[in-house]
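What follows is a single structure, written as structure tokens, with notes after it.
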Amino acid sequence: MAILVYAEHDGSALTSGALSALACAQQIGGEIDVLVTGSGVDEAAAAAAKVAGVRKVLVADASHLEHHLAENVAPVIEAVAADYEYILAAATTSGKNIIPRVAARLDVQQISDISGVEAPDTFVRPIYAGNALATVRSEDPKKVITVRTTSFDPVAAEGGEATVESVDPGADAGLTQFVGAEVSSSEGPELTTARIVVSGGRGLGSAENFKLIEELAEELGAAVGASRAAVDAGYVPNDYQVGQTGKVVAPDLYIAIGISGAIQHMAGMKESKVIVAINKDPEAPIFEAADYGLVADLFEATPELKKALTAA
Amino acid sequence: MKILVPVKRVVDAYVKVRVRSDGSGVETNNIKMSMNPFDEIAVEEAVRLKEAGTASEVIAVTIGGSQAQEQLRTALAMGADRAMLVEADEGLQPLAVAKTLNAVCDQESPDMVIMGKQAIDDDANQTGQMLAALRGWAQGTFISALEVGEGEATITREIDGGLEKLKLPLPAIVTVDLRLNEPRYPKLPNIMKAKKKPIEQTTTADLGVETSTGLTQVRVEEPPARKGGVKVDSVAELVDKLKNEAKVI
Ligand SMILES: Cc1cc2nc3c(=O)[nH]c(=O)nc-3n(C[C@H](O)[C@H](O)[C@H](O)COP(=O)(O)OP(=O)(O)OC[C@H]3O[C@@H](n4cnc5c(N)ncnc54)[C@H](O)[C@@H]3O)c2cc1C
Ligand SMILES: Nc1ncnc2c1ncn2[C@@H]1O[C@H](COP(=O)(O)O)[C@@H](O)[C@H]1O
């Protein structure tokens, strides 16, 4: 029973999401291989070979794989799929983009965003914005899965000694062309892996005011998140959105400021260890999930909180 | 240019869903149902392309029970030209939906399929990508901007690190994200007119689609409830609790 993990990387190391997908693979059990794709990925492949518990690293290196376009990556996975009973990837925007394309080509009903492994063929996944948990069983000869990264602690990036093997990168599908990217430049830690997240909502009122959130986050060494309303209003870029249709986070501490607590927002943060809510409306649903709730005007409480932390 | 827009009937986004006590699923009896919010955005985008003269025809299609005609009426009221119900068992999985849409594409030969990135009931986020794979077409997922040119479309995608711009040759599939547009509320006269429009009907069997998949649902349950905590009276008390009780800072 062999498992292939399609692993994202940043050019020099596997992402934390990939390490979580590997942790999920270990729970399923079996020989675990990693597939690294891209253009000029020797360093990432070498890093992948050091990851604990990996048997073999497959590398597909070609210029048409540089931007990880689904039309070009999916055939690479498909070409090696015969050797595997499982194909896994993290449920990131890249995994969600590529993996269903693979599943359809293999005629397999993919299992999205799993949060638990009950048996090698039985998995748990949240549905309805996490308001229900579905347990599903797959009888497909191959199981194609994306993994909710916050549900699996990443495996160690060191300690392994896998072999590295080149595989056929295929040809450019000649479909989609990469035009450009606008990578948002936040200075703090990465949202999905940060130990502390401070998120702001519509209550902030403007992009200018959102600085209050950023300053508090900086003081705490935290990542900055946001509700959909804050993103839609243009206070912050799209990739700050936490929720059902944004990013899922599960930090040790999540501080929600000026966020009402809609189910779609809670879907992305309710697995956090400790939740703090600051909201002027004592009836806001966020207080039902918060371990510590402070009914206050955020424009007073947020700077005060920052000051109290600086002083401490 | 012909545009196909698949729309799904789902429990309304603002209903608090309840899990059935027998674990068979989520209660949908006497519950407000709506068009999947992402699909409203997809219909809106297609209708705007029609209004701009870029598209010549917008076809809404749903796969499900006959009640899903309500959602097709909404699409017609928003400005779709035609509507099609493919009758099928409820709860069809994404692979089966993609195969059915593939058969519809064989018949209709659309230049573009605009659909939701995710259905808010199964939260699968698969169908568009699967349809693109089955047709061998380019895919633009999670888009927040769409510009249609001669034989191609330029899209902006919302990705984990920010935004990405791609050019897709047509025909292509795009799946829409929340910030592509704000869907209109259909006007009353349009709602009335939509009631009279015919809805084309077919079935997955007529289309010759195999709808069984290898995945079965074993049970559905409530997630563990999160206990609400305490209210603190001041920032000082909050800091104290975080330090000394929760020990997270
Ligand atoms: C298909 C779909 C997908 C969605 N996906 C997501 C998602 O992924 N993530 C997400 O977050 N949302 C999502 N939403 C939107 C969600 O339903 C809510 O609309 C959104 O989360 C509300 O954001 P908010 O809490 O910032 O705004 P609001 O609900 O407007 O809340 C603002 C809060 O700020 C408080 N406030 C205002 N002023 C102050 C002040 N001075 N001091 C203190 N408190 C103050 C108010 O009391 C209020 O509680 C989705 C919706 C749909 C339909
Ligand atoms: N039964 C269906 N009928 C029509 N369209 C559907 C159906 N199921 C899914 N879709 C389309 O596929 C998108 C993604 O759904 P999913 O892959 O289930 O998250 C939806 O936003 C719809 O556009």
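So the sequences go chain by chain: A and B. The opening residue of the first sequence carries number 575 in this note's numbering; numbering runs sequentially from there. The opening residue of the second sequence carries number 6 in this note's numbering; numbering runs sequentially from there. Quick reminder that beta carbons are idealized off the backbone N, C-alpha and C, glycines included. Predicted model only: the values in this text are computed from it and were never measured.
- Using 8 Å as the threshold, is the region 832-850 of chain A in touch with the region 202-216 of chain B, meaning 3 or more CB pairs across them? At 8 Å Cβ cutoff, the stretches do not touch.
- Message: Measuring alpha carbon to alpha carbon, tell me which residue in B:L100, B:K252, B:G233 is nearest L868 (chain A).
- Response: Here residue 868 (chain A) is taken as the residue at index 294 of the first sequence, counted from 1. Answer by Cα proximity: B:G233.
- Message: Quick check: is the beta carbon of E169 (chain B) nearer than 9 Å to any beta carbon in chain D?
- Response: Checking the listed chains, one finds no chain D in this structure; the protein chains it contains are A and B.
- Item | alpha helix (DSSP H) runs contained entirely in the region 609-672 of chain A, provided each spans 4 or more residues | Annotation: the region 609-672 of chain A contains the following complete segments of the alpha helix (DSSP H) (minimum length 4 residues), in chain order: 616-623, 644-654.
- Message: Using a Cβ distance threshold of 8 Å, determine whether the region 143-160 of chain B contacts the region 664-678 of chain A, with at least three qualifying pairs required.
- Response: The region 143-160 of chain B makes contact with the region 664-678 of chain A; the number of CB pairs closer than 8 Å reaches 3 or more.
- If you follow the alpha helix (DSSP H) that N195 (chain B) is part of, which residue opens it and which one closes it? Numbered from its first residue, the second sequence carries residue 195 (chain B) at position 190. From DSSP, the alpha helix (DSSP H) with N195 (chain B) extends over 193-201.
- Rounded Cβ spacing between G690 (chain A) and V698 (chain A) (contact assumed at less than 8 Å): Within the first sequence, the letter at position 116 stands for residue 690 (chain A). Within the first sequence, the letter at position 124 stands for residue 698 (chain A). Yes, G690 (chain A) and V698 (chain A) are in contact; Cβ-Cβ is about 4 Å, under 8 Å.
- Regarding G842 (chain A) and ligand 1, is the C-beta to nearest heavy atom distance less than 8 Å? Numbered from 1 along the first sequence, position 268 holds the residue referred to as residue 842 (chain A). Result yes, Cβ under 8 Å from ligand 1.
- Query: So, are the CB atoms of V654 (chain A) and V741 (chain A) less than 9 Å apart?
  - Reply: Numbered from 1 along the first sequence, position 80 holds the residue referred to as residue 654 (chain A). Numbered from 1 along the first sequence, position 167 holds the residue referred to as residue 741 (chain A). In contact: V654 (chain A) and V741 (chain A) (Cβ atoms closer than 9 Å).
- Message: Can you tell me whether F43 (chain B) is helix, strand or coil according to DSSP?
- Response: Counted from its first residue, the second sequence places residue 43 (chain B) at position 38. Reduced to three states, the DSSP call for F43 (chain B) is helix.
- Item | Contacting residues, own chain, Cβ-Cβ under 7 Å from S613 (chain A) (five flanking each side not counted) | Taking the first residue of the first sequence as 1, we reach residue 613 (chain A) at position 39. Sequence-distant partners of S613 (chain A) (beyond 5 residues in either direction) whose C-beta falls short of 7 Å from its own C-beta, in its chain, are D635, A636, S637, L639, E640.
- Backbone CA spacing between L593 (chain A) and P700 (chain A) [nearest angstrom]: Your numbering for residue 593 (chain A) matches position 19 in the first sequence. Your numbering for residue 700 (chain A) matches position 126 in the first sequence. Their Cα atoms are separated by approximately 21 Å.
- Interface residues of chain B around D871 (chain A) at Cβ under 8 Å? Here residue 871 (chain A) corresponds to residue number 297 of the first sequence, with the count starting at 1. Neighbours of D871 (chain A) on chain B: none; closest Cβ ~11 Å, over 8 Å.
- Indicate whether V223 (chain B) and V721 (chain A) have their beta-carbon atoms separated by less than 9 Å. Taking the second sequence and counting its residues from 1, the one referred to as residue 223 (chain B) is at position 218. Taking the first sequence and counting its residues from 1, the one referred to as residue 721 (chain A) is at position 147. Here V223 (chain B) is not near V721 (chain A), since their CB atoms are 9 Å or more apart.
- Any chance you could list the residues with Cβ under 5 Å from a heavy atom of ligand 1, keeping chain order? Having a Cβ closer than 5 Å to some heavy atom of ligand 1 are A:G775, A:R776, A:G777, A:S801, A:R802, A:A803, A:G817, A:Q818, A:T819, A:G820, A:G832, A:I833, A:S834, A:A836, A:Q838, A:H839, A:N853, A:K854, A:D855, A:A858, A:D871, A:L872, B:A18, B:P42.
- Query: Comparing the CB of M120 (chain B) with every heavy atom of ligand 2, is any distance shorter than 8 Å?
  - Reply: Within the second sequence, the letter at position 115 stands for residue 120 (chain B). It does: the Cβ of M120 (chain B) is within 8 Å (strictly closer) of some heavy atom of ligand 2.
- Taking DSSP as the reference, what is the three-state secondary structure of G167 (chain B)? The sequence position of residue 167 (chain B) within the second sequence is 162, counting from 1. Strand, per DSSP.
- Message: I'd like to confirm something about V757 (chain A): is its beta-carbon nearer than 8 Å to some heavy atom of ligand 2, or not?
- Response: By 1-based counting over the first sequence, the position of residue 757 (chain A) is 183. At a threshold of 8 Å, V757 (chain A) does not count as near ligand 2, since its beta carbon sits no closer than that to any of the ligand's heavy atoms.
- How would you label D607 (chain A), buried or exposed, when you count the other beta carbons within 10 angstroms and need 16 or more for buried? Mapped onto the first sequence, residue 607 (chain A) falls at position 33. Flag for D607 (chain A) reads buried.
- Item | Opening and closing residue of the alpha helix (DSSP H) in which L100 (chain B) lies | As a working note, residue 100 (chain B) is residue 95 in the second sequence. Boundaries of the alpha helix (DSSP H) harbouring L100 (chain B): 99-113, taken from the DSSP string.
- Query: Does the region 42-50 of chain B touch the region 859-874 of chain A, meaning 3 or more C-beta pairs lie closer than 8 Å?
  - Reply: No, the region 859-874 of chain A is not in contact with the region 42-50 of chain B.
- Is M843 (chain A) helix, strand or coil by DSSP? By 1-based counting over the first sequence, the position of residue 843 (chain A) is 269. For M843 (chain A), the three-state secondary structure derived from DSSP is coil.
- Message: A678 (chain A) and Q98 (chain B) - do their beta-carbons sit closer together than 9 Å?
- Response: Residue 98 (chain B) sits at position 93 when you count from the first residue of the second sequence. Residue 678 (chain A) sits at position 104 when you count from the first residue of the first sequence. It is not a contact, given that the beta carbons lie outside the stated cut-off.
- Message: Count Cβ pairs between the region 858-868 of chain A and the region 806-813 of chain A that sit closer than 8 Å; are there 3 or more?
- Response: The region 858-868 of chain A, when compared against the region 806-813 of chain A, does not touch it at the 8 Å Cβ threshold.
- Query: Is the beta carbon of G30 (chain B) within less than 8 Å of some heavy atom of ligand 2?
  - Reply: Counting from one through the second sequence, the residue named residue 30 (chain B) turns up at place 25. False, no ligand heavy atom lies under 8 Å from that Cβ.
- Item | Amino acids of chain A, ordered along the chain, whose beta-carbon sits closer than 7 Å to that of R224 (chain B) | On the second sequence, position 219 is the one that residue 224 (chain B) refers to. Chain A residues near R224 (chain B): T709.
- Message: Quick check: does the Cβ of T67 (chain B) come within less than 8 Å of any heavy atom belonging to ligand 2?
- Response: Position 62 of the second sequence, counted from the start, is the residue given in the question as residue 67 (chain B). The answer is yes for T67 (chain B).
- Which parts of the region 779-827 of chain A are runs of the alpha helix (DSSP H), unbroken and 4 residues or longer, counting only runs that do not cross its ends? Whole alpha helix (DSSP H) segments, 4+ residues: 785-794, 802-806.
- Task: Taking A665 (chain A) as the reference, give the member of A:D616, A:G585, A:E789, A:S590 with the closest Cα.
- Result: The sequence position of residue 665 (chain A) within the first sequence is 91, counting from 1. Relative to the Cα of A665 (chain A), the nearest Cα in the group A:D616, A:G585, A:E789, A:S590 belongs to A:S590.
- Message: Please determine whether the Cβ atom of P700 (chain A) lies at a distance below 8 Å from any heavy atom of ligand 3.
- Response: The model on display carries ligand 1 and ligand 2 but not ligand 3.
- Message: Counting only Cβ pairs nearer than 9 Å, list the residues of chain A close to S149 (chain B).
- Response: Taking the first residue of the second sequence as position 1, residue 149 (chain B) is located at position 144. Within chain A, the residues near S149 (chain B) are N812.
- Message: Counting only beta-carbon separations shorter than 9 Å, does G166 (chain B) have a partner in chain A?
- Response: By 1-based counting over the second sequence, the position of residue 166 (chain B) is 161. Yes, G166 (chain B) lies at the interface with chain A (some Cβ there is under 9 Å from its Cβ).
- Beta-carbon of V214 (chain B) versus every beta-carbon of chain A: anything under 9 Å? Numbered from 1 along the second sequence, position 209 holds the residue referred to as residue 214 (chain B). For V214 (chain B), the answer is no, since every Cβ of chain A falls outside 9 Å of its Cβ.
- Item | Beta carbon proximity, D126 (chain B) to chain A, threshold 9 Å | On the second sequence, position 121 is the one that residue 126 (chain B) refers to. Chain A, which has a Cβ nearer than 9 Å to the Cβ of D126 (chain B), makes this yes.
- Message: So with CB distances below 7 Å, who are the chain B contacts of K943 (chain A)?
- Response: What the structure shows of chain A is the stretch from 575 to 886, and residue 943 (chain A) is not part of that stretch, so it cannot be assessed.
- Task: Have a look at the DSSP bridge pairing and note the partners of Y19 (chain B).
- Result: Residue numbering aside, residue 19 (chain B) sits at position 14 when the second sequence is read from its first letter. For Y19 (chain B), which the question treats as bridged, DSSP gives no partner whatsoever.
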